[in-house]
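So for the sequence shown, the numbering used here puts the first residue at 51; every next one is plus one.
Beta carbons: idealized from backbone N, C-alpha and C, even for Gly.
What you are looking at is a predicted structure, and each value in this text was computed from that prediction instead of being measured.
Structure record follows, encoded as structure tokens.
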Amino acid sequence: MFEDIFVKSISINTIFSLLIVFVVYVILRKFVVKFIINSMKKLADKWNKKNISMALESLEKPLNIILLVSTLYIALIIIPFNDTIDGFIEKIYTIFMIVVIGSGALRILDTYNSIIKQNTELFERKPVFKTLFPLIIKGIKFFIVIIIVVIVSVQLGFSELKSLLAGVGIGGLAVAMAAQDLLKNIFGGFIILTDRSFNTGDFIKIESNEGIVEEVGIRSTKVRTLEQELIVVPNSKFVDGAVLNYSKRGTRRVKQVLGATYSTSSIKLKTIIKTIDTFLNNHPMVLNDTVNVKFDGFGSSSLDIIVMYRINTSDFNEYLKIKEEVNFEIMSIFENEQVEFAFPSVSVYMEK
51 MFEDIFVKSI
61 SINTIFSLLI
71 VFVVYVILRK
81 FVVKFIINSM
91 KKLADKWNKK
101 NISMALESLE
111 KPLNIILLVS
121 TLYIALIIIP
131 FNDTIDGFIE
141 KIYTIFMIVV
151 IGSGALRILD
161 TYNSIIKQNT
171 ELFERKPVFK
181 TLFPLIIKGI
191 KFFIVIIIVV
201 IVSVQLGFSE
211 LKSLLAGVGI
221 GGLAVAMAAQ
231 DLLKNIFGGF
241 IILTDRSFNT
251 GDFIKIESNE
261 GIVEEVGIRS
271 TKVRTLEQEL
281 IVVPNSKFVD
291 GAVLNYSKRG
301 TRRVKQVLGA
311 TYSTSSIKLK
321 TIIKTIDTFL
331 NNHPMVLNDT
341 VNVKFDGFGS
351 SSLDIIVMYR
361 INTSDFNEYL
371 KIKEEVNFEI
381 MSIFENEQVE
391 FAFPSVSVYM
401 EK
């Protein structure tokens, strides 16, 4: 049994070598890795390089794991196992290192993704980057995972991989049919990026759904409605249907009809119209050439004044704030002229 596992007996020199390996591991872990990582992080913080500091922090755990696994591997190859066990140890070590290095690369990508999301200045200059960067990160991560799977499959032997592919080949036709929709959605995502019809953060309407774009993925786009519901829309919908992007509007139009009571004199009505027109033309957020305030006609129960203007903003909340400000000013103008707003009413005259 002993001969089946070991080539020869474990000597004092072997034990001494194992002790040296573990001492070196402790030194490297406690002093070299910690010291180097912390020193570089301090320098990065001193130079205000937050992205480098976060990347170093994400590397610390994978480096410690690599160091530990490498130490165990060296210790195991020092022990005089037979060739079969040595080959098995080497294969396991290779697989483990591939997985650890791959996971470390994924951690760095996640770190830089979070850094990029905080760079609001970049997104203000190039809004398309807010949509493009997450897709690039996902693509790179997918590529890394594929590489890891392929290399690990090779290490485990091609026979297992061939069996898996043969099993997949049985349902190849069904997969090909199902992949048509997937390819259509991927193509839709490509169209969104190249056409730049909308970006992450834009307020859009697709079919009967409208909301803020949270994420543009490879297969689908996530839209958050005003009721905070999350809608996942397949990208193919954006190819086949029309998309209304409210955020692309540079200005927002306001059109409303004001009703004054029939007891209002023509002089007061002219004064109200002129005062509202002057206020809107002097407002810093109202486009002057879009202001139109006119006596529109005789309504069933009111003298109608039409008020039209454009607010120089695409932000919905700011639009509501300015519209509210204008409405309060119109109320003050009516109150100053002692004119009442009309409401639907019917006058009944009784004969004597």
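In the DSSP annotation of this structure, the continuous segment of the beta strand (DSSP E) that includes N259 starts and ends at N259 to V266. Proximity to N163 across I198, D346 and K188 peaks at K188, based on C-alpha coordinates. Per DSSP, K344 is one residue of the beta strand (DSSP E) stretching across N342 to F348. Bounds of the beta strand (DSSP E) holding M358 are L353 to I361.
Taking all protein chains shown into account, V398 has fewer than 16 neighbouring C-beta atoms within 10 Å of its C-beta and is therefore exposed. According to the DSSP assignment, I383 belongs to the alpha helix (DSSP H) that extends over F366 to N386.
In the DSSP annotation of this structure, the continuous segment of the alpha helix (DSSP H) that includes L319 starts and ends at S316 to N332.
For I254, the enclosing beta strand (DSSP E) stretches over residues F253 to I256.
Here A292 is exposed, its C-beta having fewer than 16 other C-beta atoms within 10 Å.
Within a 10 Å sphere around the beta-carbon of S258 sit fewer than 16 other beta-carbons, which makes this residue exposed. For F192, the three-state secondary structure derived from DSSP is helix.
A contact is defined here as three or more CB-CB pairs under 8 angstroms, and the segment 66-76 meets this definition with respect to the segment 124-133. C-alpha of I355 to C-alpha of V336: approximately 19 angstroms in a straight line. If you check the CB distance, V376 and A310 do not come in under 8 angstroms. Counting along the chain, no beta strand (DSSP E) covers N285, and no H or E run does either. Per DSSP, the unbroken beta strand (DSSP E) holding K272 starts and ends at S270 to R274. Per the Cβ contact rule, the segment 350-368 is in contact with the segment 294-306 (3 or more Cβ pairs under 8 angstroms). Burial state of T271 is buried, judged by a 10 Å Cβ sphere holding 16 or more other Cβ atoms. Residue state for V398 is assigned as coil, using DSSP reduced to three classes. In the DSSP annotation of this structure, the continuous segment of the beta strand (DSSP E) that includes L308 starts and ends at R302 to A310. Cβ-Cβ distances below 6 angstroms link L122 to nothing in the same chain once the five nearest sequence neighbours on each side are left out. For N295, the uninterrupted beta strand (DSSP E) segment begins and ends at V293 to N295. Around the beta carbon of V199, a 10 Å sphere encloses fewer than 16 other beta carbons of the protein chains shown; the residue is thus reported as exposed. One thing to note: D339 has its Cβ no nearer than 8 angstroms to the Cβ of N295. The Cβ atoms of I145 and V195 lie no closer than 8 angstroms to each other. The C-beta distance from I262 to R274 rounds to 5 angstroms, short enough to meet the 8 angstroms contact threshold.
Taking C-beta separations shorter than 8 angstroms and ignoring five residues to either side along the sequence, the partners of D327 in its chain run V341 and V343, following chain order. The Cβ neighbour count for T250, taken over all protein chains shown within 10 Å, is at least 16; the residue is labelled buried.
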